[in-house]
Structures are given as structure tokens and as C-alpha cells.
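Notes follow once the structure below has been shown.
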Amino acid sequence: MSDAIDWLASNIMGPPFIVLCLGAGLYFTVRTLCVQVVNIPDMISQIVKGEKSESGVSSFQSLMISLAGRVGTGNIAGVATAIAFGGPGAVFWMWVMAFLGAATSFVECALGQVYKEKDQDTGEYRGGPAFYIEKAYKHTKAREFSLFYAILFAVVTVIAMSFFLPGVQANGITESANQAWDLPLWIPTLIIVALLLLIIVGGVKRIAAFASYVVPFMAFIYIVIAIIVMFLNYDQIVDVFSSIFGSAFGTDAVYGAIWGLAVQWGVKRGLYSNEAGQGTGPHAASAAEVSHPAKQGFVQAFAVYIDTLFVCSATAFLILSTGMYRVYQNGAEEPSEILQRGSGGLADDVAAGPGFAQAGIDSMFSSIPGAGPSFVALSLFFFAFTTIVAYYYMAETNLTYVMRWVPNQTVRRALVWVLRILIVIAVAIGGLSTEPGQAWALGDIGVGAMAWLNILAILVLQVPALKVLKDFRAQKKSGLDPQFDPRTLGIRNAELWELRADGFNVKKVDGPGTPEMV
Numbered sequence: 000m001s002d003a004i005d006w007l008a009s010n011i012m013g014p015p016f017i018v019l020c021l022g023a024g025l026y027f028t029v030r031t032l033c034v035q036v037v038n039i040p041d042m043i044s045q046i047v048k049g050e051k052s053e054s055g056v057s058s059f060q061s062l063m064i065s066l067a068g069r070v071g072t073g074n075i076a077g078v079a080t081a082i083a084f085g086g087p088g089a090v091f092w093m094w095v096m097a098f099l100g101a102a103t104s105f106v107e108c109a110l111g112q113v114y115k116e117k118d119q120d121t122g123e124y125r126g127g128p129a130f131y132i133e134k135a136y137k138h139t140k141a142r143e144f145s146l147f148y149a150i151l152f153a154v155v156t157v158i159a160m161s162f163f164l165p166g167v168q169a170n171g172i173t174e175s176a177n178q179a180w181d182l183p184l185w186i187p188t189l190i191i192v193a194l195l196l197l198i199i200v201g202g203v204k205r206i207a208a209f210a211s212y213v214v215p216f217m218a219f220i221y222i223v224i225a226i227i228v229m230f231l232n233y234d235q236i237v238d239v240f241s242s243i244f245g246s247a248f249g250t251d252a253v254y255g256a257i258w259g260l261a262v263q264w265g266v267k268r269g270l271y272s273n274e275a276g277q278g279t280g281p282h283a284a285s286a287a288e289v290s291h292p293a294k295q296g297f298v299q300a301f302a303v304y305i306d307t308l309f310v311c312s313a314t315a316f317l318i319l320s321t322g323m324y325r326v327y328q329n330g331a332e333e334p335s336e337i338l339q340r341g342s343g344g345l346a347d348d349v350a351a352g353p354g355f356a357q358a359g360i361d362s363m364f365s366s367i368p369g370a371g372p373s374f375v376a377l378s379l380f381f382f383a384f385t386t387i388v389a390y391y392y393m394a395e396t397n398l399t400y401v402m403r404w405v406p407n408q409t410v411r412r413a414l415v416w417v418l419r420i421l422i423v424i425a426v427a428i429g430g431l432s433t434e435p436g437q438a439w440a441l442g443d444i445g446v447g448a449m450a451w452l453n454i455l456a457i458l459v460l461q462v463p464a465l466k467v468l469k470d471f472r473a474q475k476k477s478g479l480d481p482q483f484d485p486r487t488l489g490i491r492n493a494e495l496w497e498l499r500a501d502g503f504n505v506k507k508v509d510g511p512g513t514p515e516m517v
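Shown next as C-alpha cells:
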């Protein structure tokens, strides 16, 4: 079974997958006229000024839900494994994946907003790839295939988010807690399960509130610690960047032989971390209350930057500047296969993962025994736990989509509880596992399957998102606070936006002033 899982993971996220991710990101960068750079002011403005309602959360809360899913084990353990198996150059390709992926994220999240719906039971906004895959071509002869494809994506997402992916996050928490405080694996596992049940029963509003408090706090603290390490190791800054760029392009004498692995592991772990194109971002984007879909597309594009350029880069510098890493040849973790050790004296029993970051911080704060392991364990707990919560939200959203064909409300509620039990089981299995490699392989299968389905879909469905961007820019240029009416752009099946447009009309104020909504 282990061999089968490894084979499936390596094939799903093999070279064709790398080409798909980078190619789609480059294509959308060109088609959106570099939205990830041109519209940075709009990204920041929307985060600060976003609206909210009884049905939808604010743009900031939506960003936090999204970051809860993006910022997790991949930002610490994922970066460490990328360096271990791809060399320092993998970090550069994570940056490339983030830059190009921001454009992909805009497209998928704008589509999520355009075709969002209201949940029939809770009244909250729901949306995501399954919704826009079905609705974009609902009025055409392709509607039956679109519906089949949408259901397929929803089912794959429910399985990935409730069973394949939570185990990676739980395993990262329990392993780091074991290394830091020598806790038996069952203790942190029990804590995770109890807290998870407490939060997910409260619905999307409780998830949003929890994420909006925890995520920015932990991300800020983690980045501050990384900056302190950077300041203490200022003499290593040039060497760190030299090793990253030299390894990334195969010019480094030591890492030249694994240049291909640098690209592969950088893209794989970059996607695992920032999730651009995976189809997770549109779920959080669809929950937001905005006056124009492009606004939330901007916010989610910026989320990719926060995740990779800030948090992942912080981890990379922690590891590389302290020399607390080793690089394995051909992805093997056998001592005889070590290509090079870092210069920091990493212990032989530290495997690729959170231990790299723990050892890095510990080496800088040696006067405080156990500072590194404890800080990383706490960071991982909050990062990974919020990710598990976000996974549940996305699994429930896709289950809700499939349950539209289940008329009985009692049955729908029962299925939601089955989902909750399933994710608890997955967390328990991952948390108690002593073989993290298998948890990562299952996670790769889940991430890869969703990304394949979603990226192929948005390449076909891109036109509404491009129309949305063009409309936003035109209204903004005319001095308006952009409002969205899909009918004026020839976008069909966006019923929720049509109802909204019928209730509001925007007029421009003559001379200086703010546009009115009447």
C-alpha cells in the first residue's frame, strides 16, 4: 500500500504537473496584464475597507479563512523538505510559483465570487470550483458534462479535505510537540480533536472569527522571530541568496546535479503552501461580501504573497542562515545518500521537516534551553490547526454542493456529521502516525488531484474572470466605486449578483466627491 501511495503521488505531481502550474500562472499573468503587480494598491485597499453582511464575511475575514488554509505545515515542514530534496534553489522556485500563482489565484477567486450562492439551510454565501464549473456553461449544450465535472471536483475535494490532507497537518503538530516536549503523540492528538469539534460545529462565522484572531497574530510573531534571526545573522544574507540563486539555476557546483529537483520540489511545496490553482482559495473568496467580484480576487491574490513571500521565506532564511539543514540526493533519506550537510552542525537524528527550523532557532537562542523546538511547535500548532479548520470548511462547502440533490434536511444534517467524524478520524490517524512520509504522500495526492481538475477548468472558464477584471478597471478609471451587474458583461447564471444589481444603482457624483449607491 505504501508503494502504491508513493507511486500515485509521484505521478500526479510529476513533470506534467509542474508544467501545468507554471504554464497556467504565466498565461494568466499575460492575460490579466500582470494583475499581481498592477493592482497591488487595490489589494491593500480592499483588505482595509471591505464590507460584510449577515450572509457574508468581510474581505479581511475571508482573507484570514484563506490564510488559515494556506499557512500551515507547508510553511515550516514543507519548506524544510523542499530544501532537503531540492536544495536551497527550491526556495527560488517557490517564489516563482507564488508570483505566477497570484494571477491564477485572482482568476479562480473572481470566478468563485461571480457564481456564489446562498446556502439553503444557513443563509451564508457558498461557492467554489464546483459551483463555477457547473454554472459557467449551464446555458449551453455542455451543461451535462459541466455538471458531471463539477460533481467530480466536489467529491474529490470532500475526500481530499476531510481525509487526505488533515493528516499532514496533524502529524506536523504532534511530531513537533514530541520533539519539543517529549509528549506522547496521543496527547496533542486529543487536544486537536477536541478543539476542532468545538470550532467546526459553530459554522463559517465561528471559523472566520477564530481565523481572524489567530492567523495574523501567529504569522506576525513568526516573521518577527525570523527577522531577529536575520539581524543576528546579517553576515549570512549574501551567502543565503547566493546559494538560493546558484542552486535554482544549476550554477552551484554542489547542487548542479539536482537542478531539476529544485524546480520540482519548489513548485510542489510552493503549491502545497500557497494553494494557488488548487481550488481552495475560491471557497473563502465566495464567502465574502463585496460590491464587485474583482475586489475579492485581488485580496486572494495578495494572500499568496503573504503565504510564500513572507512566511515561507522566513522559514527558509531561518534554516539556510543557520546552516541547520542537509540535502539528500535523489530524494533519499539514507545517510549514504546525503549530498551535502549544512554548516550548522545539525544532529544526525533530525529528519527533514520541522526539526530543521527548530534546530535553526535553537542555535541562535542557545541561552534559552529548548527555545527553538518550543517556538516552532507552538507556531506549527496554530498554523496547522487553523489549516485543519479551513479544510473542514472547504469539505463542508463541497458536501453542501452535492447535497443540493438531497431534499431531506435531516439527511443533510446527518451527512454533515458524517463529514465531521471523518475529519476527526483523519486527524487522529495523522496525529498518531510515526511515518510522516506517508502522510505527505497522501497530501500530495489530494493537492495534485484538486489542482489538475481546477486548473484545467479555469483555463476553459477564464472569460468571465477576465471580463470582471476589465470592468473593474474601467469603472475605477471613471471614478466609480466598482459595482457588478453580470448582465451588462454578458455573463449568465450569476443569479445572486443579478438580484443585487436590481436593488442598487450606482451614479457618479459631479465634481469631487464619493460615488453614491441609491
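Each residue of the sequence shown is one higher than the one before, starting from 0 at the first, in numbering that gives the first Met the number 0.
Glycine residues also receive a C-beta, built at the ideal position from the N, C-alpha and C atoms.
- Setting aside the 5 residues that flank it on each side, alanine 8 is surrounded in the same chain by Ala440, Asp443 and Ile444, each with a C-beta closer than 6 Å to its C-beta; the list follows chain order.
- The DSSP-derived three-state label of tyrosine 114 is coil.
- Residue pairing for isoleucine 337: DSSP places it in a beta bridge opposite Tyr327.
- Nearest to arginine 472 by alpha-carbon distance, out of Lys294, Ala23 and Val426, is Lys294.
- Judged by DSSP secondary structure, cysteine 20 falls within the alpha helix (DSSP H) whose first and last residues are 14 to 30.
- The shortest C-alpha to C-alpha distance from alanine 370 to any of Trp6, Phe380, Asp361 and Asp5 is the one to Asp361.
- With fewer than 16 other CB atoms across the displayed protein chains lying within 10 angstroms of its CB, glutamine 408 is exposed.
- Your pair phenylalanine 382 and asparagine 74 checks out as a contact, with CB atoms roughly 6 Å apart and the cut at 8 Å.
- Residue state for tyrosine 254 is assigned as coil, using DSSP reduced to three classes.
- Looking from the CA of arginine 419, the closest CA among Gly489, Asp306 and Ile158 belongs to Ile158.
- The DSSP-derived three-state label of arginine 125 is strand.
- The segment 108 to 128 and the segment 304 to 322 do not touch, with fewer than 3 CB-CB distances between them shorter than 8 Å.
- The Cβ atoms of phenylalanine 91 and isoleucine 243 sit closer than 7 Å to each other.
- Within the DSSP bridge table, the entry for valine 56 names Ala287 as partners.
- By alpha-carbon distance to valine 18, the top candidate from Ala493, Ala450 and Gly502 is Ala450.
- Comparing alpha-carbon positions, the option among Cys108, Met42, Lys115 and Gly166 lying closest to valine 446 turns out to be Gly166.
- By the beta-carbon neighbour count (other beta carbons within 10 angstroms, threshold 16), arginine 125 is buried.
- Restricting attention to Asp5, Pro15 and Ile4, the CA atom closest to the CA of valine 262 is found in Pro15.
- The beta carbon of isoleucine 4 sits closer than 6 Å to the beta carbons of Ala440 from its chain, once the five residues preceding and following it are set aside; these are given in chain order.
- The count of Cβ pairs closer than 8 Å, one atom from the segment 452 to 460 and one from the segment 94 to 107, reaches three, so the stretches are in contact.
- Looking from the CA of valine 113, the closest CA among Asp501, Phe483, Thr487 and Gly502 belongs to Phe483.
- Note on geometry: alpha-carbon atoms of isoleucine 11 and alanine 448 lie some 7 Å from one another.
- Assignment of lysine 140 by DSSP, reduced to helix, strand and coil, places it in the coil class.
- Leaving aside the five residues that flank tryptophan 185 on each side, the residues in its chain whose CB is nearer than 7 Å to its CB run, in chain order, Leu431.
- If you compare the alpha carbons of Leu164, Gln235, Lys140 and Tyr400 with that of leucine 421, the shortest gap goes to Leu164.
- Considering only Met96, Phe98 and Gly359, the residue with the shortest C-alpha distance to leucine 231 is Gly359.
- Cβ-Cβ separation between proline 128 and phenylalanine 152: approximately 5 Å, consistent with a contact (criterion under 8 Å).
- Ranked by Cα distance from phenylalanine 380, the options Ala394, Pro187 and Lys48 are led by Pro187.
- Rounded to the nearest whole angstrom, the C-alpha separation of leucine 377 and isoleucine 367 is 16 Å.
- Pro485 is the residue among Ala464, Val349 and Pro485 whose C-alpha sits nearest the C-alpha of alanine 500.
- Membership of arginine 499 in the alpha helix (DSSP H) is indicated by the continuous run 494 to 502.
- Looking at the backbone, the Cα of tyrosine 233 and that of leucine 66 are separated by about 29 Å.
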